[in-house]
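Residue numbers (my numbering), protein chains in the order written: chain R, 206 to 761; chain L, 107 to 209.
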């Protein structure tokens with residue numbers, strides 16, 4: 206794990222001190238709300254429907270046990286006993302009080318955390334593959350890159366007032382779990398012909414009201430050129446990105462309006478003119494950062510497979526969890542464990558303070574003190590020895606954290622929606638709860654196989670509905686909650702934006718429509734292994750559409 | 107014919123804890139929608155919003171929201187968004203105003 210150096214620690218403490226004084230001045234009337242709002246947002250403090258909300262950065266989704274335990278302390282001491290893990294790999298507290306926020310930020314600083322770059326038109330918290338450093342398919346751990354970008358972008362004076370917010374995601378694996386094609390910049394680690402690692406640079410992806418799949422602006426960027434090249438992209442965006450209309454201000458619009466070729470030409474020109482070595486990271490600093498992410502010393506002795514098999518054969522629930530919630534680790538004696546924050550009927554991504562403490566304990570005991578937050582709103586223990594899986598499962602099951610649904614239909618992404626969010630136009634959580642209850646049967650879920658439902662409560666698409674195999678978007682239609690359905694979206698290396706299926710559905714229609722849609726898929730698939738997305742791509746939208754809208758079929 | 111005016115109330119969030127508040131006839135703030143002063147015409151609505159805007163030390167983000175009249179004869183939210191603001195998250199009835207018995 207990265208450790209703050211003296212500069213990091215001092216910088217974060219200074220920011221807390223400044224914010225404490227800013228809050229005092231807001232309360233004593235020296236600052237108006239118009240003056241205070243940008244200051245609080247720069248420290249992650251939003252105002253939502255019922256209360257303030259504090260968004261805490263979890264850089265590239267990596268945490269240790271001590272940090273997770275502190276998140277639990279904050280939830281209990283200053284909030285209402287829980288937190289919400291988000292699609293940005295962050296955590297949000299829904300009920301902080303303004304006079305307490307500086308104390309919360311100090312408590313975060315105690316464990317090398319903060320809420321900087323979680324709002325505003327800056328480079329936001331950099332996200333990464335949640336299996337980073339553990340995945341079997343990995344070329345290189347993407348986190349040293351993400352940490353380098355964090356250090357480069359934090360308080361970078363040139364990029365403090367961009368046309369709009371800017372999100373960067375990094376993956377070190379060919380199987381993209383970091384949604385790199387739906388970010389302002391996506392970095393995919395690849396190797397060149399000589400085997401040297403570098404990046405494929407993707408630009409102009411995004412969701413929101415104008416969803417776009419990112420385009421490759423540079424097919425291979427040597428690692429050493431990372432900062433100069435990204436600085437060139439940022440400079441072109443800062444100069445040419447639109448500032449006249451906030452809905453057209455993201456870099457995706459610049460790339461769309463000016464063309465990829467034009468943006469690429471300007472970036473290459475800027476890159477060529479730049480004093481590259483002055484901007485590039487000092488190799489000694491890169492080495493220092495990389496040393497913090499050195500792989501843990503794993504116990505690679507053979508696993509007692511017979512004992513594991515016996516445990517599976519006597520406990521079907523454990524067997525299902527093993528089949529669904531594990532991912533392949535680069536060390537055969539180890540596994541990556543996904544801890545589902547999607548219990549049947551629960552709010553996706555919510556975790557209580559007790560659950561956070563349990564995960565912290567398990568990470569310290571069984572996972573080399575590492576935890577990850579996934580953009581799919583689950584937690585991950587990245588380095589678990591397979592012998593320890595029965596004990597981990599038993600502990601998780603007692604805390605309602607062992608739902609065997611990773612990647613299945615009830616592993617739903619949902620933004621907070623109108624139950625919390627001031628921007629939302631409809632609720633998301635109750636829709637997710639209803640769908641997960643309808644498909645509660647573990648056997649049915651496994652029969653359906655991989656199926657990703659993603660729900661957003663407004664056009665801003667925090668719930669990633671555009672890239673859901675099934676996307677659900679909640680809108681306000683003449684004073685009533687109404688849900689648009691999109692089909693065929695894909696968040697991976699084969700990214701695609703879902704296509705709208707037809708008219709919007711009332712809230713109570715959504716669950717039954719999902720049941721009809723899934724029944725149609727089960728009928729249509731060629732083999733049990735053909736996923737929903739594969740079937741959709743093979744057959745096209747028509748039969749799925751007539752399952753969703755039987756009235757249209759009946760009228761025809 | 108001009109569109110009939112929908113009665114409105116002024117609502118905001120409390121500066122300290124962010125809780126939803128409503129401007130009363132005495133230009134104080136109540137946490138209950140039912141206590142809100144109702145503007146029956148545009149002029150009265152403008153005056154109510156002005157009274158709220160003069161109190162930046164107590165509240166954040168005042169705005170006019172359409173209001174209906176509840177069964178008890180007191181003002182009640184007209185839109186589902188405002189209804190959720192009078193209650194709290196619909197998936198957590200143990201939280202927010204609904205849990206405090208103020209709804």
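Every residue gets a Cβ at the ideal spot worked out from N, C-alpha and C, and that includes glycine.
Discussion item. Within 8 Å of any Cβ in chain L, is that where the Cβ of residue 679 of chain R sits?
Written reply: On the first chain, residue 679 of chain R is found 474 positions in, with the first residue counted as 1. No, no contact with chain L.
Item to complete: Starting from the C-beta of residue 637 of chain R, find all residues in its chain whose C-beta is less than 7 Å away, skip the five residues before and the five after it, and write them out in chain order.
Response: Walking along the first chain from the start, residue 637 of chain R turns up at place 432. Excluding sequence neighbours, residue 637 of chain R sits near 553, 617, 619, 660.
Worksheet item: Taking just the CA atoms, how far does residue 111 of chain L sit from residue 149 of chain L?
Response: As a working note, residue 149 of chain L is residue 43 in the second chain. As a working note, residue 111 of chain L is residue 5 in the second chain. Computed Cα separation, rounded: 11 Å.
Practice prompt. Identify every residue that forms a DSSP beta bridge with residue 149 of chain L.
Written response: The count along the second chain starts at 1 and reaches residue 149 of chain L at position 43. None, per the DSSP bridge assignment.
Worksheet item: Taking just the CA atoms, how far does residue 341 of chain R sit from residue 673 of chain R?
Response: For this step, residue 673 of chain R is matched to residue 468 along the first chain. For this step, residue 341 of chain R is matched to residue 136 along the first chain. Straight across, the Cα-Cα distance linking residue 673 of chain R with residue 341 of chain R is about 25 Å.
Discussion item. When you compare the segment 582-600 of chain R with the segment 507-520 of chain R, are there three or more beta-carbon pairs, one atom per stretch, that lie closer than 8 Å?
Written reply: yes
Practice prompt. Compute every distance between the C-beta of residue 235 of chain R and the non-hydrogen atoms of the ligand FMN, then say whether any falls below 7 Å.
Written response: For the ligand FMN, the structure offers nothing, since it holds no ligand at all.
Item to complete: Answer with yes or no whether the minimum CB distance from residue 140 of chain L to chain R is below 8 Å.
Response: Translated into the one-based positions of the second chain, residue 140 of chain L becomes position 34. Judged by the 8 Å Cβ criterion, residue 140 of chain L is not in contact with chain R.
Discussion item. I'd like the list of long-range same chain contacts for residue 391 of chain R, defined as Cβ closer than 7 Å, with 5 residues on each side in sequence excluded.
Written reply: In the first chain, residue 391 of chain R corresponds to position 186, counting from 1. Once the five neighbours on either side are set aside, the close Cβ partners of residue 391 of chain R are 374, 385, 407, 410, 419.
Worksheet item: For residue 203 of chain L, does the three-state DSSP call read helix, strand or coil?
Response: Start at 1 with the first residue of the second chain, and residue 203 of chain L comes out as number 97. In the structure shown, residue 203 of chain L falls within a helical segment according to DSSP collapsed to helix, strand and coil.
Worksheet item: Does residue 126 of chain L come within less than 8 Å of chain R when only Cβ atoms are used?
Response: Mapped onto the second chain, residue 126 of chain L falls at position 20. At a cut-off of 8 Å between beta-carbon atoms, residue 126 of chain L makes contact with chain R.
Item to complete: Compare the C-alpha of residue 119 of chain L against each of R:562, R:256, R:731, R:354 and name the closest.
Response: Along the second chain, read from residue 1 onward, the residue named residue 119 of chain L stands at position 13. With distances taken between Cα atoms, residue 119 of chain L lies closest to R:256.
Worksheet item: What is the rounded straight-line gap between the Cα of residue 631 of chain R and the Cα of residue 688 of chain R?
Response: Residue numbering aside, residue 631 of chain R sits at position 426 when the first chain is read from its first letter. Residue numbering aside, residue 688 of chain R sits at position 483 when the first chain is read from its first letter. Distance between the alpha carbons of residue 631 of chain R and residue 688 of chain R: 8 Å.
Practice prompt. Taking only beta-carbon positions, decide if residue 194 of chain L is within less than 8 Å of chain R.
Written response: For the purposes of this step, residue 194 of chain L is identified with residue 88 of the second chain, where counting begins at 1. So yes, residue 194 of chain L belongs to the interface.
Worksheet entry | Proximal residues of chain L, C-beta to C-beta of residue 254 of chain R below 7 Å | Sequence index remark: in the first chain, residue 254 of chain R carries index 49 (1-based). Per Cβ cutoff of 7 Å: 190, 191.
Worksheet item: Taking the C-alpha atoms as reference points, what is the distance between residue 583 of chain R and residue 180 of chain L?
Response: To locate residue 583 of chain R, count along the first chain from 1; it is residue 378. To locate residue 180 of chain L, count along the second chain from 1; it is residue 74. Their Cα atoms are separated by approximately 44 Å.
Worksheet item: Excluding the five sequence neighbours on either side, which residues of its own chain have a C-beta within less than 7 Å of the C-beta of residue 497 of chain R, listed in chain order?
Response: Here residue 497 of chain R refers to the residue found at position 292 of the first chain. Result list for residue 497 of chain R: 206, 207, 208, in chain order.
Item to complete: Under 6 Å Cβ to Cβ from residue 439 of chain R, same chain only, skipping five residues before and after it: list those, please.
Response: Counting from 1 along the first chain, the entry for residue 439 of chain R is found at position 234. Here the set comprises 364.
Worksheet item: Is it true that the CB of residue 367 of chain R sits closer than 8 Å to the CB of residue 326 of chain R?
Response: For the purposes of this step, residue 326 of chain R is identified with residue 121 of the first chain, where counting begins at 1. For the purposes of this step, residue 367 of chain R is identified with residue 162 of the first chain, where counting begins at 1. In contact: residue 326 of chain R and residue 367 of chain R (Cβ atoms closer than 8 Å).
Worksheet item: Where does residue 321 of chain R fall in DSSP's three states?
Response: Counted from its first residue, the first chain places residue 321 of chain R at position 116. Coil, per DSSP.
Worksheet item: Over what stretch of residues does the beta strand (DSSP E) that includes residue 423 of chain R continue unbroken?
Response: Taking the first chain and counting its residues from 1, one reaches residue 423 of chain R at position 218. It spans 420-427 - the beta strand (DSSP E) in which residue 423 of chain R sits, taken as one unbroken run.
Discussion item. Would residue 295 of chain R and residue 568 of chain R be called neighbours here (beta carbons separated by less than 8 Å)?
Written reply: Counting from one through the first chain, the residue named residue 295 of chain R turns up at place 90. Counting from one through the first chain, the residue named residue 568 of chain R turns up at place 363. Going by C-beta atoms, residue 295 of chain R is not nearer than 8 Å to residue 568 of chain R.
Discussion item. Taking the alpha helix (DSSP H) that residue 460 of chain R belongs to, which residues open and close that run?
Written reply: For the purposes of this step, residue 460 of chain R is taken as the residue at position 255 of the first chain. Segment 456-463, the alpha helix (DSSP H) holding residue 460 of chain R.
Discussion item. Which residues in chain R have a C-beta closer than 8 Å to the C-beta of residue 176 of chain L? List them in chain order.
Written reply: Here residue 176 of chain L is taken as the residue at index 70 of the second chain, counted from 1. The contacting residues do not exist; residue 176 of chain L stays about 17 Å from chain R at best.
Worksheet item: So is residue 427 of chain R buried or exposed if we call it buried at 16+ other beta carbons inside 10 Å?
Response: Sequence index remark: in the first chain, residue 427 of chain R carries index 222 (1-based). It counts as exposed.
Worksheet item: Assuming residue 614 of chain R contacts residue 656 of chain R under a Cβ cut-off of 8 Å, what Cβ separation, rounded to an integer in Å, is found between them?
Response: Within the first chain, residue 614 of chain R is the residue found at index 409, counting from 1. Within the first chain, residue 656 of chain R is the residue found at index 451, counting from 1. About 5 Å; that satisfies the 8 Å criterion.
Worksheet entry | Cβ contact check for the segment 172-192 of chain L and the segment 148-164 of chain L: 3 or more pairs under 8 Å | no
Discussion item. Using only CA atoms, which one of L:166, L:162, L:189 lies nearest to residue 175 of chain L?
Written reply: The sequence position of residue 175 of chain L within the second chain is 69, counting from 1. With distances taken between Cα atoms, residue 175 of chain L lies closest to L:189.
Worksheet item: Is the Cβ of residue 133 of chain L closer than 8 Å to any Cβ of chain R?
Response: For this step, residue 133 of chain L is matched to residue 27 along the second chain. So, not an interface residue.
Worksheet item: What residues in its chain sit with their C-beta under 7 Å from that of residue 764 of chain R, if we drop five residues either side in the sequence?
Response: Absent from the structure is residue 764 of chain R, since the part of chain R shown begins at 206 and ends at 761.
Practice prompt. Can you pull the chain L residues whose beta carbon is under 7 Å from the beta carbon of residue 632 of chain R, in chain order?
Written response: Residue mapping note: residue 632 of chain R aligns to position 427 of the first chain, counting from 1. By Cβ distance, chain L contributes 196.
Discussion item. So if I threshold CB-CB distances at 7 Å, which residues from the segment 619-648 of chain R count as touching chain L?
Written reply: 623, 624, 625, 632, 634, 635, 638
Worksheet item: chain R beta carbons: is any one of them nearer than 8 Å to that of residue 186 of chain L?
Response: Residue mapping note: residue 186 of chain L aligns to position 80 of the second chain, counting from 1. By this cut-off, residue 186 of chain L is an interface position.
Fill in: Neighbouring residues, chain R, relative to residue 162 of chain L (Cβ below 7 Å)
For the purposes of this step, residue 162 of chain L is identified with residue 56 of the second chain, where counting begins at 1. Within chain R, the residues near residue 162 of chain L are 237, 238.
Worksheet item: Is it right to say residue 200 of chain L is buried, meaning 16 or more other beta carbons lie within 10 angstroms of its own, or is it exposed?
Response: As a first step, residue 200 of chain L is located in the second chain; it is residue number 94 there, counting from the start. Under this definition residue 200 of chain L is an exposed residue.
Fill in: Coil, strand or helix - residue 689 of chain R by DSSP
In the first chain, the residue the question calls residue 689 of chain R occupies position 484. In this structure, residue 689 of chain R counts as strand in the three-state DSSP scheme.
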